[in-house]
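First residue of the sequence shown: 562, per our numbering; consecutive thereafter. Built from N, CA and C at the ideal position, the CB exists for glycine as well. Everything numeric in this text was worked out from a predicted model, so none of it was measured. Data block below; observations after.
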Amino acid sequence: MRWAPPRWTGTLAVRAAAFITVMCCALAALLGVLVHVSVTDQTVGQAREAALARLVRATEAYEAGDALGPGAAVDPPGLPGELRELAASGRRGTMVAEYRGRPTVWAAAPADGGRVLAVAVDHSQGERTIDGLDRAIVWSSALAIGATLLVGAFAVTRVTRRLHATARVARRISAGDLDARVDDPRAKDPTRPQDEVASVAVALDSMAASLQGRLLAERRFTADVAHELRTPLTGLHAAAELLPPGRPTELVRDRVAALRTLTEDLLEISRLDSGRERLETAPEELGALARRVVRGSGTDTRVEVVRDARVETDRRRLERVLGNLVANAHRHGRPPVVVTVEGPVITVRDHGGGYPAYLLAHGPQRFRTEGGATGHGLGLTIARGQAEVLGARLAFANPPDGGAQATLTLPDRP
């Protein structure tokens with residue numbers, strides 16, 4: 562199985578912090594190695610020069626028969642073998658090695674009789690200097706990395722905070738809040754340089770404003786058309802009532818009634834889209850309300866009250882939602898149609914072919930039907946809109962054993 566990293570590791574802030582940390586560590590390591598090598602070469606070089614200078618003085622004293630001085634001796638026991646062989650071959654040299662548990666710089670030169678004259682110089686101070694420098698490099702690198710990480714995290718967080726704000730506005734617009742805007746302060750100030758986040762914010766605000774303008778124009782057009790149709794339809798309805806009885810008269814009256822219903826539905830959708838609907842709440846018994854809706858529909862619908870509930874809601878709107886769900890179940894499904902009340906949850910189920918796939922995926926869509934079904938697709942759209950006004954949740958599903966089921970969950974308070 563492939564290991565999946567935690568989701569938080571994919572955020573921009575974490576990735577930026579990891580990148581800054583890795584780059585700072587690499588840079589600190591490179592600079593630390595360069596400084597260490599340079600100082601070590603310089604310190605050891607000075608120690609070698611000091612050892613060679615003492616070797617020269619010891620050689621002069623040896624040739625003059627004087628005392629060799631401290632640290633100088635002929636064939637000392639601690640002299641490294643490689644340096645001994647070098648001096649025995651007739652050349653001078655130096656070497657850093659451990660002698661009696663302490664770092665020592667050796668300098669050796671050939672003496673008479675195949676012997677070796679050597680000088681030992683204590684290098685403990687130089688080693689302590691190098692160790693102190695290494696500790697200073699490590700601590701300063703850690704402080705530099707921490708400071709850089711904090712500054713980088715602060716800078717990245719400012720950018721990601723603006724990106725999160727833009728994403729929240731985009732989600733609000735997607736949820737239907739077309740008044741939401743990012744209003745990035747950087748984008749409003751022309752004297753400040755515009756970065757990519759400001760460009761995205763400006764583009765999102767422009768898109769939201771354009772979308773809002775088009776939707777408002779569409780809503781005004783729908784409301785104006787529906788409103789203007791009411792007067793001629795009222796006249797048509799009055800004229801149809803004056804026609805002599807007969808089949809043609811029934812057809813005319815039926816079509817006029819359908820046009821009036823469509824016009825009223827369009828006006829109701831326009832009011833719902835405007836977002837200015839107000840609730841008129843009162844305590845209601847859901848079982849009695851469901852039975853009243855079924856009686857008013859004139860359909861053969863069974864009501865089952867598993868557990869009755871008394872809720873504070875708008876009776877007219879709730880009756881509208883249930884009435885549309887029951888009518889849709891009879892129009893597009895097959896009997897038996899059952900309305901079940903279980904606490905604040907009301908389900909309306911038929912035993913037909915179920916809801917189409919597009920409705921389950923995206924919800925009701927006005928003027929869209931499938932499978933040769935009649936109607937305009939407005940009943941469920943109105944039911945969903947009125948449910949939103951009530952603060953309720955309306956969900957659609959196809960049960961495994963067939964049919965279609967709409968579930969209305971009412972809130973404790975509207």
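Top-ranked residue by Cα proximity to residue i, from the options
i      : options                        : result
Arg876 : Ala948, Asp750, Ala843, Ser685 : Ala843
Ala965 : Pro917, Thr942, Leu951, Ala953 : Pro917
Gly582 : Leu711, Glu643, Ala679         : According to the sequence provided, residue 582 is Thr. The question's Gly does not apply to it. That would be Leu711, whose Cα lies nearest to the Cα of Thr582.
Thr665 : Arg676, Gly639, His597         : Gly639
Arg821 : Gly807, Leu765, Ala799         : Ala799
Asp636 : Ala944, Gly940, Ala681         : Ala681
Leu678 : Arg652, Gly963, Gly857         : Arg652
His893 : Ala669, His912, Gly884         : His912
Ala634 : Ala726, Ala668, Arg609, Leu588 : Ala668
Ile943 : Thr824, Ala611, Gly630         : Thr824
Pro793 : Ala818, Ser771, Glu811         : Ala818
Leu772 : Leu739, Ala956, Leu883         : Leu739
Glu880 : Glu757, Arg856, Ala958         : Arg856
Pro671 : Asn889, Ser599, Pro960, Ser650 : Ser650
Val717 : Ala577, Leu955, Met768, Leu591 : Ala577
Arg781 : Ser831, Val813, Gly654, Val763 : Ser831
Gly693 : Val882, Leu920, Leu969, Val596 : Val596
Arg863 : Val898, Asn959, Thr721         : Val898
Glu838 : Ala611, Arg791, Gly675, Gly952 : Gly952
Val720 : Glu949, Asp756, Asp962         : Asp756
Leu724 : Ala708, Arg853, Arg747, Pro754 : Arg747
Arg878 : Gly687, Val906, Glu841         : Glu841
Ser599 : Val854, Asp744, Thr690, Ala708 : Thr690
Asp973 : Glu845, Thr860, Ala625         : Glu845
Ala619 : Ala608, Pro631, Glu610         : Pro631
Val761 : Ala731, Asp750, Pro751         : Ala731
Arg871 : Ala890, Asn889, Ile907         : Ile907
Assigned secondary structure, residue i (DSSP; H/G/I helix, E/B strand, else coil)
i      : result
Ala672 : coil
Thr537 : The chain is shown only over 562 to 975; residue 537 falls outside these bounds and no answer can be derived.
Tyr916 : coil
Ala741 : coil
Pro844 : strand
Arg723 : helix
Thr792 : helix
Ile581 : helix
Gly654 : strand
Asp602 : helix
Asp750 : coil
Asp683 : strand
Thr860 : coil
Asp756 : coil
Arg852 : helix
Gly894 : coil
Gln926 : coil
Asp622 : In the sequence as displayed, the identity of residue 622 is Ala instead of Asp. Looking at Ala622 - three-state DSSP - the assignment turns out to be helix.
Ala628 : coil
Ala953 : coil
Glu880 : helix
Asp973 : coil
Counted within 10 angstroms of its Cβ, other Cβ atoms place residue i as buried (16 or more) or exposed
i      : result
Asp673 : exposed
Gly796 : exposed
His923 : exposed
Cys585 : buried
Glu621 : exposed
Pro925 : buried
Ala648 : buried
Val909 : buried
Ala934 : For Ala934, the predicted structure reports a pLDDT of 49, less than 50, and the residue's modelled location is therefore unreliable. The matter cannot be settled from this model.
Arg775 : exposed
Ser735 : exposed
Gly737 : exposed
Asp627 : exposed
Arg808 : exposed
Thr655 : buried
Thr727 : buried
Gly915 : buried
Leu777 : exposed
Pro960 : exposed
Gly946 : buried
Phe957 : buried
Ala770 : exposed
Which residues DSSP lists as bridging residue i, in chain order
i      : result
Ala958 : Gln966
Leu678 : Val635, Ala670
Val909 : Val900, Ala967
Arg732 : None; Arg732 has no bridge partner.
Thr874 : Ala843
Val866 : Val902
Pro659 : Contrary to the premise, residue 659 reads as Glu rather than Pro in this sequence. Bridge partners of Glu659: Pro664.
Heavy atom of the ligand PLP within 6 Å of residue i beta-carbon
i      : result
Ala967 : No copy of the ligand PLP appears in this structure; indeed no ligand is present at all.
Any chain C beta carbon closer than 7 Å to residue i
i      : result
Lys749 : Looking for chain C here will not work: only one protein chain is present.
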